[in-house]
Amino acid sequence: MTPEEKAMTVPSLRKEGNDLYAAGKWFEAAAKYEEALGLLEQLLLREKPGEPEHTSIDLQRVPFRVNLAQCQFKLKVGRLHSLALRSSLFFFLFFPF
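Numbered according to my numbering, the sequence shown spans residues 93 to 189.
Printed below as a string of structure tokens:
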């Protein structure tokens, strides 16, 4: 994939990730955000630090990192909630009041 193709792919990955997030598919959304971050990282390596192009690409990574963190939070909270429900069910079944 050329650098131009990578740069053009990033916005569509963001939209796909946002759509998946809105649908509650946080794992799949996180994968899209990670893919976009990987492409941006490749583009970033081609530029000199301090140059306007480098700064522009670097700033593009911020919303992807925030979105990825939100997905990871949702996934972790979901696992904790599931664990809490299973624990409650266990105690209800084996230690009835």
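Using N, Cα and C, we set each Cβ at its ideal position, and we do this for glycine too.
Query                                                                                                          : Result
Minimum C-alpha distance to residue 149 - residue among 113, 168, 137, 108                                     : 137
Classification of residue 128 by the beta-carbon crowding that lies within 10 angstroms, buried from 16 upward : buried
Environment of residue 152 [buried if 16+ CB atoms lie within 10 Å]                                            : buried
Residue 109 - DSSP class collapsed to helix/strand/coil                                                        : helix
Minimum Cβ-Cβ distance from residue 128 to chain B less than 9 angstroms                                       : Absence of chain B from the displayed structure is noted, only one protein chain being present.
8 angstroms CB neighbourhood of residue 155 in its chain, flanking five on each side removed                   : 106
Test item: CB-CB of residue 112 and residue 120 under 9 angstroms                                              : yes
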